[in-house]
Each structure stands twice: as C-alpha cells, then as structure tokens.
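K.L.:
One structure is given below, represented as structure tokens, and several questions about it will come after.
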Amino acid sequence: MAERVLMRNFERPDSHTLAGYQATGGYQALRKAIGLGADAITAEVKQANLRGLGGAGFPTGTKWGFIPQKRTAPVYLVVNADEGEPGTFKDRYLLERDPHALIEGMLIAAYAIECETSFVYIRGEYVRPWRIFAEAVREAEGAGLLGRNILGSGFDHRIIVHRGAGAYICGEETGLISSLEGQKGWPKVKPPFPAVRGAFGAPTIVNNVETLCCLPPIIARGGQWFAALGTKSQGGTRMYSVSGHVARPGVYEASVSITLRDLIYREAGGIRGGRPLKAVVPGGSSAAILKADEIDVSMDVDGLKSAGTMAGSAGVIVMDETTCIPEALWVVARFYAHESCGQCTPCRECTGWIYKIAGRILAGKGVPQDPDTIVDVAKRGIGTTICAFYDGAIGPYISYVEKFRGEFDYHIRHGACDVHPGRAGRVPASAGAH
Amino acid sequence: MRPETASTLAFSDEQLRRVRELQALYPERRAALLPVLRMAQETFGHIAPEVEAYVGELFDLSPAHVHEVVTFYTLFFQKPVGRHVLAVCHNLSCALLGAEDVIGHLQERLGIEAGETTPDRRVTLLRVECLCACEMAPMMQVDDDYVGPLTPETIDRVLEGLR
Ligand SMILES: Cc1cc2nc3c(=O)[nH]c(=O)nc-3n(C[C@H](O)[C@H](O)[C@H](O)COP(=O)(O)O)c2cc1C
Ligand code: SF4
Ligand code: FES
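So the sequences go chain by chain: A and B.
Mapping of the first sequence onto this note's numbering: residues 27 to 460, in sequence order.
Mapping of the second sequence onto this note's numbering: residues 407 to 569, in sequence order.
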C-alpha cells in the first residue's frame, strides 16, 4: 500500500480535534506557507502536479492563476463539500476524521489567493460531517487560527459553513454558487469562469475538499515530493471510494498510478464470494463503464481518459456476474432524469427519454431499435448544454449499451433477463410505468 | 423529531435575532435564505405556502421566489412528514446490493408505499438518490443518521427504536 498522505490521521481516535491534529504536526504547514508567501505557495502547488479531485481534474495551481490581477472585489474561496456523485464518499471521511486538515488546507489556499472569507458548502444530508466540521471551525477560531492576524502574520480569515438542501446539481461549481447565493442551484454559462466572476459577483475559487486537504502535506514536504507520488501528468495519491460487489467496500488511499485491478483485488479484497467480475465504473456514476478485461489501467486522469472513461471523483462501483446491466442502466438513467435541473432542453428531454426507453426494455416491452435509439438520443445533446451534467450522463448511457449490447437485445427478444432467468420480482414494479 | 403542527406562524424573538445574524453573515442578505428555510422547517414542521410568504417577508422576496427555491431542493418538505423520516437510497451501489428488497420490506412493515406517511404520523418513507455512503450499501438515512448495511433484521431493529 502506498504511503497514506490524506488518510494519515484516520486511525487516531482524536483525529477530529485540534489537539489531535496538532499532536501530529498540524498547522505547521500553515506557518511554513505564510513564511513562503503567496506566489511561492502557488508555485509549489503547480510543481506538485495537483489536479482537482472533485471530478474535472483541472490543475489546481493553474486555476488559482485565473483570478484577475487587478481586483475590484474581494476574492472568495468556496469549498465544494456537496459530495453527490453516486459511488463517492471520500469527502465525508475527510470532514469527519480530519476536519482540521481541511481548515489548514483552506487557510493555505486563502493565503495564496489573498482571500479573507471562505464558504464551505456541505450537502444537507451530511449532518454528522457538518457537526464535526463546524465544531472544528469553532475550535480553530478559539485558538486564533481563524479570525484576525492569524499566527501574528497580519492575515485575516473567516470560514462560513453553509449547508445545502438536497440537489445533485449543486455539486457543479456554478450551480453551487447560485445555491450559496440563495437561489435554486441552476448552473450558469461559462465563461465567465468563477475565478473571474463567481460568488456574489466576485472572483471565486471553487475547490473540492480532498483537493484542499492535499495542501498541508504539499507545503510541509514540497511540491516535488508530492509530484513523485503520482504519474507524469498528475501528482499525489488520492482516496478511492470502492463500493458494489467487493469483499471490503470502503475508502482506500493509493497513488494515482495504481491500476484498477490492484485497487479492486489487492486493496478492496476482490469480488465478494470470489465470483467473477463483470464490469466496473471507475470514477463515479458519470464515468463510462469498463468491462472485466479492461481493468489493467492506471487510475490517473490521463490513464482513464485513454481507456475511454474518466477518473472523475474516483468512485469505483464494482459489478460481479450477477449484475443485470439493463437494470443498472435503468437505475442510472432514473438518477439523471431526476437530477437534471431542466434548464437546457437537450438535457431535460434526453435524460427523460432515455429513462423511459430503459424502463421499457427492463419491463420486457422493448423494441429492437431501442439500444440504437438510446445511443442516438444520447449523442444528440453532446456539447449543447450549459453544464457538464449532460456530458456526464451520456458516459453511462452510451457505454452500457455499446459494451453490453447482447444483454439489451436479449431482454428485448425474450422479454426476460438472461442473468436472472425466471427470477420473479427482479424488475421493479415502477419500470416501464413512465 | 419534528413538531407535528405549527402553533403560530412566527419565529420567536430569539429566532429573529438569529435570522438577522445569518443575514449579516453573508455579503448579500439573500444568501441566508437556505439556512433560514431550514430553521423554518424545524420550527413549523414543513414549508407550507404561509411559511414561504413569512420567510419571503423576512427577506423582502416574493413568495413566488421562495417557492421556486423550496421546490428545487429535496430536503424541504412541502407537506407534513412523520415524526421520523426514513430515506432509502435506491442509487446504483445500493441497487446492486438489494435496495429494492429493503424498500419492499419497509413498505410491508409500515403498510405504506414509499413517499407516504404512516396514518399515526410516526414514519415517512422516502426513496432518495445516492447519500454518498455507498460503502454501507444498502443503506438509508434515519432522521439525521446513516444506517447500513441493511438486512431485514437491522431494518426491524431500527423500526422498533422509533417512537
Ligand atoms: C453535475 C456535476 C456534479 C458535480 N459534483 C461535484 C461534487 O459533488 N463535488 C465536487 O467537489 N465537485 C463536483 N463537481 C465538479 C465541480 O464542478 C468542480 O469542478 C470542482 O468542485 C472543482 O474543484 P477541484 O478543482 O478541486 O476538483 C461536479 C460537476 C458536475 C458537472
Ligand atoms: S446540462 Fe442539464 S443540469 Fe446542466 S444546466 Fe443544462 S439542464 Fe441543467
Ligand atoms: S448508492 Fe446508495 S449511498 Fe451511494
């Protein structure tokens, strides 16, 4: 197993407290960062080859550089703790087990981008993570690590903890900003990017929880050290959420260079009951599916891209041979149809249409052209929408059908499932009812 | 635990102070809308049209705007819910490990369909999308807490614990 960088404190029972964090050298990196100065922090982060871990994989240091030099408004840091990508649960662990690492990472980022106020947008369902994180903020305030003149450096910073109210699209950065401003979470057209015009009309950096938690170790041990942990194009380790039919579902930290095979078989204990693997979704439900013989691929952004899928949020969903792929598609299609914010016609219409077709196939009422229709419909909207939600949705739509075409055709021809022959009640009553 | 009905439709003085505090916390007052709606739901049980109008007044926002926001989010309830809310995840990882069986078992034990509240107003049962605790699949949220992996036995134990 690779060195634990992000999960280094998880085993400590007091890891969520200030005392526990400081006992392991916590807030030393902040002191060092302030000594380095803003430009040197950004340079270190660029050298670390840190790429955003929330989904898009954009280089963090480069993103910070998009803030206009001439400022007419304060700069805001917004932490994306809205974790909503199906199959992903790493940020929850960080909020609960190492909240001070996030606070320290935020302070380092804030110092680098010269920001005095940050917002942490936590998904509304995360009650326990919110309580623990909010308590950590109070502790940091009490210890003078937040507020005025932090560590006697003249640096002021305050953290405002904000809770969401249940909507996947609020994970998308511009949707998140709209929601933070007290509106429905409708994404906005980019450009302007948030770094130029974001929250409350001011330049805003949106970063994921895990991305920010990488900063204290990067500052403490150097960008070069962090870069060397990963691959040529992406530095570091990251936290993989592994779920589905594995022996040991859970969160695992490994280098971004680990293969999907090693992650599943070495870290997560292989497939439950020793069954054969059928398919894997490597980066949250928006990532294209891989077949069992496609898992010798490295988990970094470029490795998975070259395999025709994406690293995304590193939510690995494992399916063994008992999985009915048309049923999996129906579940995923229901999600996208439900969560589309409805602003863009192609997104609203195509997600609903595909959900309907998937339900029809599953209910044994499909027609022979249905699989082709799914792919055609999915492709129709590519590149025509305001945000990347729709381009995320087509990843599963197209890949499930193209890679498991035989199963769809079987359902259509026989009105039944080849994986669960004669298994009553497998098809949810609501399928085909839409 | 949620109060069953609203007694009077107004925040206490203490709550009004909190509203003003929240409004002052952000660069723009309106950013406090979600937190204040949450307070309203905790106080009045659910967000009825009168509550939307009341919250709108506190922000100088039209009831229509507040309504638009309320309906956008799944955690704001527009009708009364039971004293306990069970939200069962039916997304992919939970589905792979039997979410439909969990929902079926709960519907049978409670005698209601997902989306409904028991006649004694004890429990509301909901289907929800990924709660991002897929390592506990199949799982559900019981009021503030996450519970899983669920089996018929663990579900029954949860139900017995609800008053
Ligand atoms: C539909 C959609 C949902 C998203 N959900 C999340 C999320 O839950 N958490 C997250 O950090 N980023 C999410 N993102 C990515 C954010 O838009 C943004 O890229 C990210 O928060 C930037 O932080 P990073 O550069 O540190 O990764 C989502 C993007 C899209 C298009
Ligand atoms: S692509 Fe879909 S989710 Fe994104 S803005 Fe358009 S309708 Fe909304
Ligand atoms: S799929 Fe159920 S919690 Fe993620």
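In this text, a Cβ means the ideal position worked out from N, Cα and C, and glycines have one as well.
Compare the C-beta of B:PHE483 with all C-beta atoms of chain A and state if any pair is closer than 8 Å.
P.N.:
Numbered from its first residue, the second sequence carries residue 483 of chain B at position 77. So no, B:PHE483 is outside the interface.
K.L.:
Please list the residues of the segment 81-97 of chain A that have a C-beta atom closer than 7 Å to any C-beta atom in chain B, keeping them in chain order.
P.N.:
none
K.L.:
DSSP state of A:THR143, grouped into three classes?
P.N.:
Taking the first sequence and counting its residues from 1, one reaches residue 143 of chain A at position 117. Reduced to three states, the DSSP call for A:THR143 is strand.
K.L.:
If you measure from each residue's Cβ to the nearest non-hydrogen atom of ligand 2, which ones come out under 6 Å, in chain order?
P.N.:
Here the residues come out as A:ILE195, A:PRO213, A:SER366, A:CYS367, A:GLY368, A:GLN369, A:CYS370, A:CYS373, A:ARG374, A:THR411, A:ILE412, A:CYS413, A:PHE415 and A:TYR416.
K.L.:
Assign A:VAL268 to one of two classes, buried (16 or more other C-beta atoms within 10 Å of its C-beta) or exposed (fewer than that).
P.N.:
As a working note, residue 268 of chain A is residue 242 in the first sequence. When all chains shown are included, A:VAL268 counts as buried.
K.L.:
Mind checking which residues open and close the beta strand (DSSP E) that includes B:TYR552?
P.N.:
Counted from its first residue, the second sequence places residue 552 of chain B at position 146. That run of the beta strand (DSSP E) goes 551-553.
K.L.:
Under three-state DSSP, which class holds A:GLU37?
P.N.:
Position 11 of the first sequence, counting from 1, holds the residue named residue 37 of chain A. It is coil, neither helix nor strand.
K.L.:
What's the C-alpha gap between B:ARG515 and B:VAL508?
P.N.:
Numbered from its first residue, the second sequence carries residue 515 of chain B at position 109. Numbered from its first residue, the second sequence carries residue 508 of chain B at position 102. A direct Cα-Cα distance of roughly 11 Å separates B:ARG515 from B:VAL508.
K.L.:
So for B:CYS500, helix, strand or coil by DSSP?
P.N.:
In the second sequence, residue 500 of chain B corresponds to position 94, counting from 1. Three-state DSSP puts B:CYS500 in a helix.
K.L.:
Kindly indicate which three-state DSSP category A:VAL215 falls into: helix, strand or coil?
P.N.:
Taking the first sequence and counting its residues from 1, one reaches residue 215 of chain A at position 189. Three-state result, A:VAL215: coil.
K.L.:
Cutting at 8 Å between CB atoms, please list the residues of its own chain near A:PRO302, excluding the five before and the five after it.
P.N.:
Start at 1 with the first residue of the first sequence, and residue 302 of chain A comes out as number 276. Excluding positions up to five away in sequence, the list reads ALA318, ASP346 and GLU347.
K.L.:
Thinking C-alpha only, which one of A:ARG274, A:TYR426 and A:ASP328 is nearest B:ALA543?
P.N.:
In the second sequence, counting from the first residue as 1, residue 543 of chain B sits at position 137. Answer by Cα proximity: A:ARG274.
K.L.:
Along the segment 257-291 of chain A, where does the CB come closer than 8 Å to a CB of chain B? Name the residues.
P.N.:
SER267, VAL268, SER269, GLY270, HIS271, PRO275, GLY276 and VAL277
K.L.:
Using DSSP bridges, identify the partner residues of A:TYR102.
P.N.:
Locating residue 102 of chain A in the first sequence gives position 76, counting from the first residue. Its beta-bridge partners are A:THR143 and A:THR230.
K.L.:
What's the C-alpha gap between A:ILE93 and A:TYR102?
P.N.:
Numbered from 1 along the first sequence, position 67 holds the residue referred to as residue 93 of chain A. Numbered from 1 along the first sequence, position 76 holds the residue referred to as residue 102 of chain A. Approximately 10 Å, taken between the alpha carbons.
K.L.:
Can a CB atom of chain B be found closer than 8 Å to the CB of A:THR237?
P.N.:
The sequence position of residue 237 of chain A within the first sequence is 211, counting from 1. A:THR237 does not count as touching chain B.
K.L.:
With three or more C-beta pairs closer than 8 Å as the rule, is the segment 444-456 of chain B touching the segment 418-427 of chain B?
P.N.:
yes
K.L.:
B:ALA539 CB to nearest chain A CB: under 8 Å?
P.N.:
Locating residue 539 of chain B in the second sequence gives position 133, counting from the first residue. Yes, B:ALA539 lies at the interface with chain A (some Cβ there is under 8 Å from its Cβ).
K.L.:
When you compare the CB of A:ARG118 with every CB in chain B, is at least one pair closer than 8 Å?
P.N.:
Locating residue 118 of chain A in the first sequence gives position 92, where the first residue counts as 1. Yes, A:ARG118 lies at the interface with chain B (some Cβ there is under 8 Å from its Cβ).
K.L.:
Hey, is B:PHE478's beta-carbon within less than 8 Å of any beta-carbon in chain A?
P.N.:
Along the second sequence, one-based indexing puts residue 478 of chain B at 72. At a cut-off of 8 Å between C-beta atoms, B:PHE478 counts as an interface residue with respect to chain A.
K.L.:
Look at the Cβ atom of A:GLY334, then the Cβ atom of A:ALA359, and state whether they are nearer than 8 Å.
P.N.:
Position 308 of the first sequence holds residue 334 of chain A. Position 333 of the first sequence holds residue 359 of chain A. Against a cut-off of 8 Å, the Cβ pair of A:ALA359 and A:GLY334 comes out as no contact.
K.L.:
Label A:PRO394 either buried or exposed according to how many other C-beta atoms from any shown protein chain fall within 10 Å of its C-beta, with 16 as the threshold for buried.
P.N.:
Taking the first residue of the first sequence as 1, we reach residue 394 of chain A at position 368. Under this definition A:PRO394 is an exposed residue.
K.L.:
DSSP on A:ARG439, reduced to helix/strand/coil?
P.N.:
Here residue 439 of chain A corresponds to residue number 413 of the first sequence, with the count starting at 1. It is helical.
K.L.:
How many angstroms separate the CA atom of A:ALA99 from the CA atom of A:THR371?
P.N.:
For the purposes of this step, residue 99 of chain A is identified with residue 73 of the first sequence, where counting begins at 1. For the purposes of this step, residue 371 of chain A is identified with residue 345 of the first sequence, where counting begins at 1. So the two alpha carbons sit approximately 35 Å from each other.
K.L.:
Looking at the C-beta of B:LEU439, does it have a partner C-beta in chain A at a distance below 8 Å?
P.N.:
Translated into positions along the second sequence, residue 439 of chain B becomes position 33. True, the Cβ-Cβ gap to chain A drops below 8 Å.
K.L.:
Considering only the alpha carbon of each residue, which of A:ARG123, A:ASP288 and A:PRO242 lies closest to A:GLY52?
P.N.:
In the first sequence, counting from the first residue as 1, residue 52 of chain A sits at position 26. Answer by Cα proximity: A:PRO242.
K.L.:
At a CB-CB cut-off below 8 Å, which residues of chain A make contact with B:ALA501?
P.N.:
As a first step, residue 501 of chain B is located in the second sequence; it is residue number 95 there, counting from the start. GLU353, ALA354 and VAL357, listed in chain order.
K.L.:
Alpha carbons only, please: which of A:GLY300, A:ARG123, A:ILE438 and A:LEU255 is nearest the one belonging to A:GLU29?
P.N.:
Along the first sequence, read from residue 1 onward, the residue named residue 29 of chain A stands at position 3. The shortest C-alpha separation from A:GLU29 is found at A:LEU255.
K.L.:
If you drop the 5 nearest sequence neighbours on each side, which residues of the same chain put their C-beta closer than 6 Å to that of A:VAL232?
P.N.:
Numbered from 1 along the first sequence, position 206 holds the residue referred to as residue 232 of chain A. Only VAL104, ASN106, GLU199 and PRO220 meet the Cβ criterion.
K.L.:
Tell me whether A:ALA82 counts as near ligand 1, meaning its Cβ is closer than 7 Å to at least one heavy atom of that ligand.
P.N.:
Counted from its first residue, the first sequence places residue 82 of chain A at position 56. Result yes, Cβ under 7 Å from ligand 1.
K.L.:
If you follow the alpha helix (DSSP H) that A:LYS382 is part of, which residue opens it and which one closes it?
P.N.:
Reading the first sequence from its first residue, position 356 is the one you call residue 382 of chain A. Segment 371-388, the alpha helix (DSSP H) holding A:LYS382.
K.L.:
Check whether the Cβ atoms of A:ILE438 and A:ASP396 lie closer than 8 Å to each other.
P.N.:
Position 412 of the first sequence holds residue 438 of chain A. Position 370 of the first sequence holds residue 396 of chain A. Going by C-beta atoms, A:ILE438 is nearer than 8 Å to A:ASP396.
K.L.:
List, in chain order, every chain A residue whose beta-carbon is nearer than 7 Å to that of B:ARG423.
P.N.:
Position 17 of the second sequence holds residue 423 of chain B. Contacts between B:ARG423 and chain A, judged by CB atoms closer than 7 Å, are missing: the closest CB pair is about 18 Å apart.
K.L.:
List the residues of chain A whose Cβ lies closer than 7 Å to the Cβ of B:ALA470, in chain order.
P.N.:
The residue given as residue 470 of chain B occupies position 64 in the second sequence. Correct list: empty, because the minimum Cβ distance to chain A is about 12 Å.
K.L.:
Check each candidate in A:ASP328, A:LYS116, A:GLY91 and A:GLY168 and name the one with the smallest Cα separation from A:ALA138.
P.N.:
As a working mapping, residue 138 of chain A is identified with position 112 in the first sequence. The candidate whose alpha carbon is nearest that of A:ALA138 is A:GLY91.
K.L.:
Please confirm if the segment 57-66 of chain A is in contact with the segment 280-300 of chain A, defined as three or more CB-CB distances below 8 Å between the two stretches.
P.N.:
no
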